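Just below is one structure, and these are the notes that go with it.
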Amino acid sequence: MRYVTGGESHGPALTAIVSGVPAGLEISEKQINADLARRQSGYGRGGRQQIERDTVRVLSGVRFGKTLGTPVTLQVANRDWENWTDRMAVFGDAPEDLKRETTPRPGHADLLGVIKTDTDDCRNILERASARETAARVAASGIAREFLASVGVEVYSYVRRIGSVELDEGGKDFLTLPYNPLDIETSEVRCPDEAATASMKRAIDRARQDRNTLGGEFRVIVTGLVPGLGGYAERGERLTALLGGALFSIPAIKGVEFGIGFDVAKRPGSDVHDEIVCEQPGGFTRTTNRAGGLEGGMTTGLPLVITAAMKPIPTLMRPLKTVNIDTLEPEEASKERSDVCAVPAAAVVAEAEVAFVLAEAYLEKFGRDNMTDIRAAIKSYRQRVKTMSR
Ligand code: EPS
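Per the numbering used here, the very first residue in the sequence shown carries number 130; after that it's consecutive.
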């Protein structure tokens, strides 16, 4: 299963085409819209989210609510487009009074995009480098999520840090989902703890007053996976690499850790690896989940635990110094309407990316044509794994 997206932030729409989708998978527009709404939410978002009401339109690949096994085309309209029809016109000349963006923001793709594409307007870059594109990713991954749900896999995310405010997670073993999903979904920053939520919101308020921005950390947790997804034999099948790559493809993601993450470098081997036991019924499992559900590039069957760090958004209301690309004189970087903090939204986008990689890993292992054969293959594999451990 693969996807490609098209669309500018202030163009008419964002589009995603998902190919390699098996036939017979039930798709719910409502579910995709719920994920789109989760991506739009979060304390610290900017004015754009007041304009948009992201909803999906499915244009191909689905009939009577089920996939046909053909490419699925999904579209999310940009409501803001109507305010940009002249400045973002697809054809015709630029308006006489068009104000080009000539002061690239440090930390954004502006400057290097201008150099790379030989343009004199940072808008040509920022329209696509904008995290608005992630709405198309979330829509596309709706297909992957439906697939995973239909084989018993659930994908969650929560925020564990905003700036210097960290959720105290002492004592969590990650052998199961450590929080109640409702506590996550009802927090304005996707943090399952009320006191931490309040502190994070205060930190965002302070950053806004200071005309600054904040990054943070979030976790994605996936439950219900079969062991042995991915592979150890080829670089392109190691899930650690595929998941890491997918997460690093999200704008502003600067770090990804699995399980105890960088702590592996500090601890002795006996405090890093997870001892193997065989339970009846159930089969092979582990007493700890420090590896975060991946060993040798494959799933262990325990929850997948991934932590990612997001940098603060580079659009600052108290801008950093830059150089004007017309005059080559020092100037302040451009100020665009933007978010103070988008960590909760990035967590939802990360769920989407992780879901896509895992859905593809299932299809690689269990076949791609139709849901009946795939479900049968998973059932028989689960049975074999159980029998092996008797
Ligand atoms: C975003 C839409 C954008 C930004 C933000 C994310 O809308 P606008 O540029 O019209 O305000 O709010 O984009 C960025 C953070 C960025 O760096 O470009 C969205 O829908 O997620």
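Ideal placement from N, C-alpha and C gives every residue a C-beta, glycine not left out.
Nothing here was measured: the structure is a model prediction, and the numbers come from that model.
- Short of 6 Å from the beta carbon of residue 373, and not among the five residues preceding or following it, lie these beta carbons of its own chain, in chain order: 385.
- Taken atom to atom, the span from the alpha-carbon of residue 245 to that of residue 426 is near 35 Å.
- DSSP assignment within the segment 233 to 303 yields the following whole beta strand (DSSP E) runs of 3 residues or more, N-terminal first: 283 to 291.
- Straight across, the Cα-Cα distance linking residue 500 with residue 157 is about 16 Å.
- With fewer than 16 other Cβ atoms inside 10 Å of its own Cβ, residue 405 counts as exposed.
- Residue 254 counts as buried, since no fewer than 16 other beta carbons sit within 10 angstroms of its beta carbon.
- Sixteen is the threshold: when 16 or more other Cβ atoms of the shown chains lie within 10 Å of the Cβ of residue 172, as they do, the residue is buried.
- Residue pairing by DSSP places residue 407 opposite 413 in a beta bridge.
- Between residue 392 and residue 420, the C-beta gap is not smaller than 9 Å, which leaves the two residues out of contact.
- The segment 216 to 228 makes no contact with the segment 434 to 450; the number of CB pairs closer than 8 Å stays below 3.
- Between residue 281 and residue 492 a beta carbon distance of about 15 Å is seen, past the 8 Å cut, so the two are scored as non-contacting.
- Going by DSSP, residue 503 is part of the alpha helix (DSSP H) stretching over 500 to 517.
- In this structure, DSSP gives residue 487 a helical state, which the three-state scheme calls helix.
- Residue environment: residue 479 is assigned as buried (16 or more neighbouring CB atoms within 10 Å of its CB, all protein chains considered).
- With 16 or more neighbouring CB atoms inside 10 Å of its own CB, residue 252 falls in the buried class.
- Here the alpha carbon of residue 336 sits roughly 47 Å from the alpha carbon of residue 192.
- Closest in C-alpha terms to residue 277, from the list 367, 397, 482 and 294, comes 482.
- The residues 352 and 432, in chain order, have a CB closer than 8 Å to that of residue 305 in the same chain once the five nearest residues on each side in sequence are set aside.
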